[in-house]
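To start, the structure under review is shown below, and the notes come after it.
Protein chains in written order, with the working numbering: chain A, 21 to 180; chain B, 35 to 651.
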């Protein structure tokens, strides 16, 4: 069972929360943020190249131009690979654990898995830690579902 | 709790049979290790499992049945499989079934209810696929140390997934037989296509025994020689402490003895340490040989020798030119990596020698518009100039031997790049010895002056330093004491700028040399301590170094059990370096910036790159 809802992040940009219920004890929440806009990329590239061209007319050294090109390419690659997060996913499996994945724009995925023994509770902390920065309403949805599963898990583990 | 069944991906296409593995009651999970195929005799299966249990200390048992419905009709096999549940009783009893034509599985788990033995309750099952080979070969970080089990059962489990990894790793003996063996029982597991091995690895293992023995005896001989009493005598022990080359050689010797020791590695960490050291030594030697070939390539050493011979013969040159050529000689092995042409080298050397003398002439005049005290200035300037003259004459004496020394030093690059760099650092230290001497003279003079000034300043105010109580006390002085004290104070104050200037100049020079030496030591440290084997392993076989696991939900159909794929989450690179870095010589700056500035202000001698075993001079 899958459904999608739109939310806003703290800066006002659009976010999409996608919920999938695989079964009664396994749920997945995916939060996708807006893609990299062509406008911002073009704007940054143009600024850098204008500055480089200005320096070139001042110093008459062609190394400035080639280094500007390198900086632009490397900067874009670095931004896509290390900074721009496309989607964050939370997979919660009863009696196994909670897994959080961040997937970057370049395709890199970084995953953390926490075993259920080590999870005492799920709380809503400040949104600063999540890179997609959702607002409270979105966080409440996720929080409620997680608490349902945790409560279930506690009930089944309490009874032998 | 949901029952979790860990199933190896290699068995997903195996024929029907029995599931063999370990049941972990605390986490309600069953780890399937292999599938036993038909036909089998139950007694033999039980014997095999008992054997495996004895050797590996893992409680393997028959967990259930596996049915791969391709050709057999459904009903007969179904009854047969149910009958097996009576022979191999296990609670809960798993029944995994895969239908032909679909990717979906059906899993049932039956618990025996103790009150009514005929009835059994069904449990929800979650299937987790894992790659057996990768889980077997990987090491979990941080490695959780499970208690050694004496009685065959691990009663304390240190965390669910570490347990799974441990189970698979310790059941290696179960994977020794494959389905092509002629034994009584046919098993299916990751090695069932044939045991994976490499001829090269086996040959190396066989050859490593005697080679290690030979090298270990050689290295122990070397260590005995280096530890003998002769080195403790005064001149040799002093030289040994001061030269970083000796330290580096000893460090390498220690590494080599560890690598070739005849003891096998007790744990994966030790194995990685040995492998890292070996790769580090090999890379070091390779870089050193590269450097050697580059040095001998264009006959640079020969060029230097040719440059020296006409210069040494001609005695009609003034002191400046001779000092220039010898400075060129003494600078070029130290700066040996430059690719200057000969006339440029000559000019460079000449320039540096002249610069030093010009500097002193400048100090003896009116430097930066400051008016120095004439007499003291002349004394200090002439003293230092004479010092340079002595030094240059000494270098001039050495010049016939320079080429041979250079050649032998170049040979030492065979022992490794780190040794070559340490020799470079030592050569720099030796050649800038006069700068070190100047610094010490200037610092001592300045230090005396500062202490004299502070003591006489206290006298001005009628106070005294109480050595016993380590504090300032008031004291009544006599008139003549006060008079002489004031006179001396005035003299010292007016001589302060001169001394301070000389001290400043030579301290800056000394700091420059120390910085260069420090950079070289940092580079040596880096080569020594970088765990290249671990980094290579992380790059090429990321599943061997695991930080954890990650799960992926596979395609699911309503009403079917949930299927997950468990993959290994590799360790990030910075953690690899942090965990596996080799211990280095420890040449780190001992002072913080604040204490360094304080020492500089008071004229105390600074040794920022002091080795660990050195005593204070």
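Beta carbons: idealized from backbone N, C-alpha and C, even for Gly.
Nothing here was measured: the structure is a model prediction, and the numbers come from that model.
Chain B residues whose Cβ lies nearer than 7 Å to that of residue i
i, result
"residue 45 of chain A", "36"
"residue 57 of chain A", "Neighbours of residue 57 of chain A on chain B: none; closest Cβ ~30 Å, over 7 Å."
Three-state class that DSSP yields for residue i in the structure shown
i, result
"residue 367 of chain B", "Note that residue 367 of chain B scores 38 on pLDDT, short of 50, meaning its location in the model is unreliable; the coordinates nonetheless yield the value given after this. Helix, per DSSP."
"residue 53 of chain A", "strand"
"residue 31 of chain A", "coil"
"residue 469 of chain B", "helix"
"residue 584 of chain B", "strand"
"residue 514 of chain B", "helix"
"residue 404 of chain B", "coil"
"residue 163 of chain A", "helix"
"residue 55 of chain B", "strand"
"residue 158 of chain B", "coil"
"residue 136 of chain B", "coil"
"residue 461 of chain B", "helix"
"residue 298 of chain B", "coil"
"residue 612 of chain B", "helix"
"residue 600 of chain B", "strand"
"residue 66 of chain B", "strand"
beta-carbon residue i near the ligand COA non-hydrogen atom, thresh 7 Å
i, result
"residue 598 of chain B", "The ligand content of the structure shown is nil, which means the ligand COA is not present either."
Nonlocal neighbours in the same chain, by C-beta distance under 7 Å from residue i, ignoring five residues either side
i, result
"residue 480 of chain B", "533, 534, 537 and 637"
"residue 162 of chain A", "49 and 110"
"residue 134 of chain A", "117 and 118"
"residue 316 of chain B", "none"
"residue 247 of chain B", "296"
"residue 94 of chain B", "54, 55, 56, 67, 83, 86, 87, 205 and 208"
"residue 459 of chain B", "278, 551, 554 and 555"
"residue 446 of chain B", "453, 454 and 457"
Chain B residues whose Cβ lies nearer than 8 Å to that of residue i
i, result
"residue 112 of chain A", "Chain B residues near residue 112 of chain A: none, gap ~11 Å exceeds 8 Å."
"residue 119 of chain A", "584 and 585"
"residue 42 of chain A", "587, 590 and 596"
"residue 48 of chain A", "587"
"residue 97 of chain A", "By Cβ distance, chain B contributes nothing, its closest Cβ being about 17 Å from residue 97 of chain A, past 8 Å."
Same chain, Cβ closer than 6 Å to residue i, five either side skipped, listed in chain order
i, result
"residue 127 of chain B", "98, 119 and 144"
"residue 605 of chain B", "175, 579 and 581"
"residue 354 of chain B", "At residue 354 of chain B, the pLDDT of 34 sits below 50, so the modelled position is not reliable; the number obtained from the coordinates is stated separately. If we look at residue 354 of chain B and ignore the five residues flanking it on each side, it has no Cβ neighbours."
"residue 45 of chain B", "69 and 222"
"residue 34 of chain B", "The shown model of chain B, from 35 to 651, leaves out residue 34 of chain B, and the question about it has no answer."
"residue 406 of chain B", "532"
"residue 133 of chain B", "103"
"residue 519 of chain B", "490 and 493"
"residue 126 of chain A", "100 and 101"
"residue 504 of chain B", "none"
Contacts around residue i, its chain only, beta-carbon distance under 8 Å, and the 5 residues preceding and following it disregarded
i, result
"residue 141 of chain B", "39, 128, 129, 130, 131, 159, 161 and 595"
"residue 141 of chain A", "170"
"residue 253 of chain B", "287, 290, 291 and 294"
"residue 557 of chain B", "455"
"residue 585 of chain B", "162, 598, 599, 600 and 601"
Partners in chain A for residue i, counting only beta-carbon separations shorter than 7 Å
i, result
"residue 194 of chain B", "135 and 137"
Positions along the region 130-144 of chain A whose CB lies within less than 7 Å of some CB in chain B:
131, 133, 135 and 137
Segments of 4+ residues assigned as alpha helix (DSSP H) that fall wholly inside the region 544-576 of chain B
566-574
By the 9 Å beta-carbon criterion, what residues does the region 607-618 of chain B contribute toward chain A?
none
Give the residues from the region 565-586 of chain B that approach chain A closer than 7 Å (Cβ to any Cβ), ordered along the chain.
582, 583, 584 and 585
Along the chain, which unbroken stretches of the beta strand (DSSP E) at least 3 residues long are found entirely within the region 74-102 of chain B?
none
Along the chain, which unbroken stretches of the alpha helix (DSSP H) at least 4 residues long are found entirely within the region 407-438 of chain B?
408-432
Ranges of the beta strand (DSSP E) found wholly within the region 37-123 of chain A, counting only runs of at least 3
46-53 and 105-113
Interfacial residues, the region 591-606 of chain B to chain A, with Cβ spacing under 8 Å
596, 598 and 603
Counting only Cβ-Cβ distances shorter than 8 Å, please list the residues of the region 40-74 of chain B near chain A, keeping chain order.
61 and 62
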